[in-house]
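For the sequence shown, my numbering begins at 244 and goes up steadily by one.
The structure appears right after this line, and notes come after that.
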Amino acid sequence: MKKQPKSSLITLKIGQSNNPIEKALSVISKYTDGKQAVVAFSGGMDSTLALLLTREVIPNITAVHIDWGDFTYPSIRRKVKLIAKQFSVPLHIIYGDEALKQLAHRGISCNTCTRHIKLGTIKRHYPNAIIITGANQSDSWGRGGTYFNPPFLAPLKDFTKEEEMKILKNIYGITDFHIGVHPEREGCMLRHLWMPDKDGTKTSLTAIVNKTLINLLDEKNISHYLANIKVIGNKKETKFIINVLPSLPANIKIQISQLLSQYGTVLWGEDISSLTVVINPSLDNPSGKESIKSIILGEMSNPNIELVFIRSKSDFIRLFQVVDAS
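Here it is in structure tokens:
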């Protein structure tokens, strides 16, 4: 029997006719009718809304979460389990840290990770299922793709972040949209590795130094809305750029610097004026450079850093490598 979207209550709460929720529920119902379906669930705002709307159509829907092992923030694990428990959603956790480490060989790309590791892993575990994602207007799939690209379904394709926040808050009572240690979504610690890692040493270091930072801030009960350590450098030298906002007291900065100095040169993002960035040849154009600039400056404590771009001689680097800071 065909599933019917249970959307009348939602429509009344939003107070609008022909609202985007009706479309999303119809998309879910249409493409999952008579088929197995799961939701790719990261714990972030997008996948949370995708999960809860899917649950309106498929009450027993399973949320599938990829745990990145040492690279997963403890706060993300807590959030994932909390939402699953709060809304009585079956939760299947799959570990993907080994596959993630392999990606670091040529440098990290979050889009590549999402498409080939995260969604690819879920596809291998659920080969016959429709995999529902949180893709929306903030990403390329939402802006230019279709609702259904088998086996992936994007019922939030037409949604903006602002619309998602409103729905989660007004309908489901969710007001905390923050995961990780970034004002917006932050999937795992390995996104802070800004250089290729052929032997795995920098990959491990990225987890170690970021955990050290987070643990110290938690121990001292220091509130923050940005906290990361970027791992940069080249074959000869590794440097660590610490980014924390609000800025830390001088004595805490000294303590953190001393803890991390055993691993390499320690720098503070707020003191940096320039970064030297080697980019993949395909990105050596205004659009590509602007994309890299957005990624880098969006995660630094100083948004006014000058980026000096150098075109890579080969396409080995997946996106970019920050080779130096001054």
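Ideal placement from N, C-alpha and C gives every residue a C-beta, glycine not left out.
Note that this is a predicted model, so its numbers are computed, not measured.
DSSP state of residue i mapped onto helix, strand, coil
i      : result
Ser569 : coil
Asn464 : coil
Asn413 : helix
Phe559 : coil
Asn486 : strand
Ile309 : strand
Asn471 : strand
Gln564 : strand
Phe392 : What sits at residue 392 in the sequence shown is Asn, not Phe. The answer is strand: DSSP assigns Asn392 an E or B state.
Gly277 : coil
Ile304 : coil
Phe552 : strand
Thr481 : strand
Thr531 : A small fix is needed here, since residue 531 is Gly in this sequence, not Thr. DSSP places Gly531 in helix when its eight states are reduced to three.
Lys445 : helix
Leu325 : helix
Pro263 : helix
Ala293 : helix
Ala574 : The chain is shown from 244 up to 569; residue 574 falls before or after that span and cannot be answered.
C-beta contact flag for residue i and residue j at 8 Å
i      : j      : result
Tyr390 : Val452 : no
Ile336 : His359 : no
Phe402 : Thr376 : no
Ala470 : Leu456 : yes
Ala372 : Gln279 : yes
Val332 : Ala293 : no
Asn322 : Gly286 : Note on residue identity: the sequence assigns Lys, not Asn, to residue 322. For Lys322 and Gly286, yes; Cβs fall inside 8 Å.
Phe552 : Val509 : no
Arg561 : Gly350 : yes
Glu542 : Asn458 : no
Trp311 : Leu334 : no
Asp289 : Leu399 : yes
Met432 : Ala450 : yes
Gly339 : Lys361 : yes
Integer Cβ distance of residue i from residue j, believed to fall under 8 Å
i      : j      : result
Ile271 : Val300 : 5 Å
Ala568 : Ile499 : With 8 Å as the limit, Ala568 and Ile499 do not qualify as a contact, their Cβ atoms being about 17 Å apart.
Asp461 : His348 : So it is not a contact: roughly 32 Å between Cβ atoms.
Asn379 : Glu407 : 7 Å
Leu436 : Val474 : 5 Å
Asn545 : Ile497 : About 19 Å separates the two Cβ atoms, so there is no contact after all.
Asn523 : Asp558 : 6 Å
Span of the alpha helix (DSSP H), counted from its first residue to its last, around residue i
i      : result
Ile337 : First-last for Ile337: 334–338, but that is the beta strand (DSSP E), not the alpha helix (DSSP H).
Arg349 : Element bounds for Arg349: n/a, residue is neither H nor E.
Leu570 : The structure shown does not extend to residue 570, since the chain is modelled only from 244 through 569, so no value can be given for it.
Ala493 : 493–503
Opening and closing residue of the beta strand (DSSP E) in which residue i lies
i      : result
Thr519 : 517–522
Thr364 : It is not in any beta strand (DSSP E) - Thr364 instead sits in the alpha helix (DSSP H) that spans 362–368.
Thr508 : 508–511
The region 460–480 in contact with the region 398–416 per 3-pair CB rule at 8 Å: no
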